[in-house]
Amino acid sequence: MNIGYACTPLKIHNKTTRTFTLKNYTEENLIKCIKDNLEDLYEILKYNVSNDIFMFRISSDIIPFGSHEINKLDWPNMFKEDFKNINDIITKNSIRISMHPGQYTVLNSKNISTVEKSINDLEYHAKFLDSISGDKSNKIILHIGGVYDNKKESIDRFLNVYNSLSKNVKDRLVIENDEKNYSIEDLLNINEHTSIPIIYDNLHYFCYEGIDTDSFKILNSIKNTWTKEDGKIKVHYSQQASNKRIGSHSNTIFVNTFLEYLKSIKDFDIDIMLEVKDKDFSSTKIVNVLKELNNNLNESNKLSALKTYEFYLKERDIELYKKGEYILYEKGMIEFYKFIDRCSSININEDLSLNALKEFYLFTKNFLSKSEITHLNKLFKTNDISKIKEYIIKISRRNKLDDNLKNYFLHNI
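Numbering (numbering that gives the first Met the number 0), first residue to last: 0 to 412.
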């Protein structure tokens with residue numbers, strides 16, 4: 000079972016989403032953005048491997064204007080060496096990658112121009128994945144699209160367009176149930192006509208059906224849509240955010256709820272893409288949970304977890320940190336994470352939080368410019384914890400201070 004997250008890690012400064020506006024387009028800007036994005040993708044994958052995260056969703060923005068007619072670059076050949084480096088780390092570590100085109104990639108649209116642009120976008124995604132690896136288990140995830148007042152006709156339009164797609168795209172394409180238009184049952188119907196593998200999203204299922212999911216039953220119904228060439232069944236897992244609209248992803252993955260999900264899928268060997276706001280923090284959390292369940296957790300995992308949440312606990316109550324340390328070493332990692340999850344309901348102590356942020360300032364200031372120091376000092380005078388945290392994250396990314404970014408409390412705004 001592989002665990003993954005989407006697009007941009009929080010614990011390191013690297014990103015693959017550099018772009019620019021069309022009015023600022025130059026070939027020089029394009030080449031620089033692509034080069035920087037590909038180099039950072041390699042660094043992100045290297046970081047993921049060091050944390051036993053072997054699945055990753057690559058941002059569609061990695062090649063700016065990837066499907067736009069203005070982009071005439073032969074980027075697969077121009078950056079052949081970068082793609083080779085990325086392929087090497089993926090192959091050596093059996094990393095599974097994917098891409099998920101955005102909401103405007105709609106194959107069943109009534110608008111011919113939209114359909115043409117959508118096909119071009121899928122061709123771009125397939126070309127990118129092909130440039131990295133020929134492994135067809137690395138997929139492009141797509142929703143079916145709109146209903147347009149007639150679901151049957153909309154499905155028929157999807158099928159007609161799908162049949163016109165290139166083999167490269169078809170080999171990569173998988174379809175996902177969404178929260179309001181197309182259910183697992185609808186996708187099974189489409190699969191009968193196309194053999195497209197189906198991705199099951201538990202939160203989308205809940206939104207669509209209005210009831211809790213029977214994940215075992217659903218996985219049993221879709222398992223045969225995945226062939227050996229497609230790889231393991233892949234699912235999207237998320238939890239509903241409290242006090243937000245239905246379908247909103249939670250800030251973190253709560254361990255108790257995940258363990259219940261894990262029980263329901265224990266008979267299946269699947270890969271799980273976490274869709275959650277704290278991204279690689281939750282991925283590491285779940286990787287460590289699985290390690291403990293499989294009796295292969297080590298001391299460095301515990302030390303890293305304690306350091307990650309040290310100030311998250313201390314900004315609530317100094318005694319919480321001592322309690323967390325005791326739980327981690329006496330009761331184990333899973334109980335420690337359950338404790339961390341429970342602490343999310345405890346309010347931050349403003350004085351303790353400001354003291355912790357001042358510690359970060361003392362460590363950070365030697366790496367900052369005069370203007371950054373001046374701005375940070377102004378923020379401290381306001382006692383606005385959220386704005387101080389946001390700015391420390393911003394300057395930590397700018398100055399590549401990853402030791403700062405690895406602290407969960409900075410991201411807990």
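Cβ coordinates follow ideal geometry from the N, Cα and C atoms, glycine included.
Would you kindly work out how many angstroms separate the C-alpha atoms of residue i and residue j, rounded to a whole number?
{"i": "residue 385", "j": "residue 412", "result": "5 Å"}
{"i": "residue 284", "j": "residue 165", "result": "39 Å"}
{"i": "residue 262", "j": "residue 79", "result": "43 Å"}
{"i": "residue 51", "j": "residue 303", "result": "13 Å"}
{"i": "residue 184", "j": "residue 210", "result": "15 Å"}
{"i": "residue 356", "j": "residue 387", "result": "8 Å"}
{"i": "residue 276", "j": "residue 244", "result": "15 Å"}
{"i": "residue 20", "j": "residue 351", "result": "42 Å"}
{"i": "residue 248", "j": "residue 240", "result": "5 Å"}
{"i": "residue 11", "j": "residue 264", "result": "32 Å"}
{"i": "residue 269", "j": "residue 400", "result": "35 Å"}
{"i": "residue 382", "j": "residue 347", "result": "13 Å"}
{"i": "residue 134", "j": "residue 7", "result": "23 Å"}
{"i": "residue 68", "j": "residue 173", "result": "26 Å"}
{"i": "residue 431", "j": "residue 180", "result": "With the chain represented from 0 up to 412, any question about residue 431 goes unanswered, as that position is not in the structure."}
{"i": "residue 145", "j": "residue 229", "result": "26 Å"}
{"i": "residue 143", "j": "residue 295", "result": "40 Å"}
{"i": "residue 305", "j": "residue 252", "result": "17 Å"}
{"i": "residue 129", "j": "residue 100", "result": "16 Å"}
{"i": "residue 396", "j": "residue 5", "result": "18 Å"}
{"i": "residue 131", "j": "residue 119", "result": "19 Å"}
{"i": "residue 62", "j": "residue 74", "result": "9 Å"}
Excluding the five sequence neighbours on either side, which residues of its own chain have a C-beta within less than 6 Å of the C-beta of residue i, listed in chain order?
{"i": "residue 121", "result": "168"}
{"i": "residue 338", "result": "323 and 326"}
{"i": "residue 17", "result": "32, 35 and 36"}
{"i": "residue 41", "result": "84 and 85"}
{"i": "residue 224", "result": "190, 196 and 197"}
{"i": "residue 214", "result": "263 and 264"}
{"i": "residue 123", "result": "65 and 66"}
{"i": "residue 170", "result": "135"}
{"i": "residue 336", "result": "254 and 284"}
{"i": "residue 117", "result": "104, 105 and 106"}
To which residues of the same chain is residue i closer than 7 Å at the C-beta, ignoring the five residues directly before and after it?
{"i": "residue 364", "result": "372"}
{"i": "residue 405", "result": "10 and 307"}
{"i": "residue 359", "result": "391 and 403"}
{"i": "residue 70", "result": "29 and 64"}
{"i": "residue 125", "result": "139, 167, 168 and 171"}
{"i": "residue 287", "result": "296, 300, 304 and 332"}
{"i": "residue 199", "result": "176, 183, 217, 218, 221 and 234"}
Should residue i be labelled buried (16 or more other beta-carbon atoms within 10 Å of its own) or exposed?
{"i": "residue 23", "result": "exposed"}
{"i": "residue 217", "result": "buried"}
{"i": "residue 310", "result": "buried"}
{"i": "residue 3", "result": "buried"}
{"i": "residue 238", "result": "buried"}
{"i": "residue 103", "result": "exposed"}
{"i": "residue 55", "result": "buried"}
{"i": "residue 175", "result": "buried"}
{"i": "residue 328", "result": "exposed"}
{"i": "residue 201", "result": "buried"}
{"i": "residue 345", "result": "exposed"}
{"i": "residue 162", "result": "exposed"}
{"i": "residue 226", "result": "exposed"}
{"i": "residue 204", "result": "buried"}
{"i": "residue 177", "result": "buried"}
{"i": "residue 362", "result": "exposed"}
{"i": "residue 274", "result": "buried"}
{"i": "residue 97", "result": "buried"}
{"i": "residue 147", "result": "exposed"}
Please name the residue or residues paired with residue i in a DSSP beta bridge.
{"i": "residue 175", "result": "198"}
{"i": "residue 97", "result": "56 and 138"}
{"i": "residue 345", "result": "DSSP output for residue 345 lists no bridge partner at all."}
{"i": "residue 325", "result": "Residue 325 pairs with nothing; no bridge assigned."}
{"i": "residue 239", "result": "248"}
{"i": "residue 234", "result": "199 and 271"}
{"i": "residue 5", "result": "56"}
Ordered along the chain, which non-local residues of its own chain (more than five positions away) have a Cβ less than 8 Å from that of residue i?
{"i": "residue 30", "result": "72 and 77"}
{"i": "residue 291", "result": "331, 332 and 333"}
{"i": "residue 315", "result": "342, 345, 346, 347, 348 and 351"}
{"i": "residue 53", "result": "1, 2, 3, 47, 92, 93, 94 and 95"}
{"i": "residue 206", "result": "178, 179, 245 and 246"}
Beta-carbon of residue i versus every beta-carbon of chain D: anything under 9 Å?
{"i": "residue 336", "result": "As a matter of chain content, chain D is missing from the structure shown, which is built from one protein chain."}
_Counting beta carbon pairs with one atom in the region 182 to 199 and one in the region 146 to 160, are three or more of them shorter than 8 Å?_
yes
*Report yes or no: do the region 85 to 92 and the region 44 to 61 share at least 3 C-beta pairs separated by less than 8 Å?*
yes
*asked:* Quick test of the definition: if touching needs 3 or more C-beta pairs under 8 Å, does the region 95 to 108 touch the region 141 to 152?
replied: yes
_Pairs of beta-carbons, one from the region 294 to 308 and one from the region 250 to 259, closer than 8 Å: are there three or more?_
no
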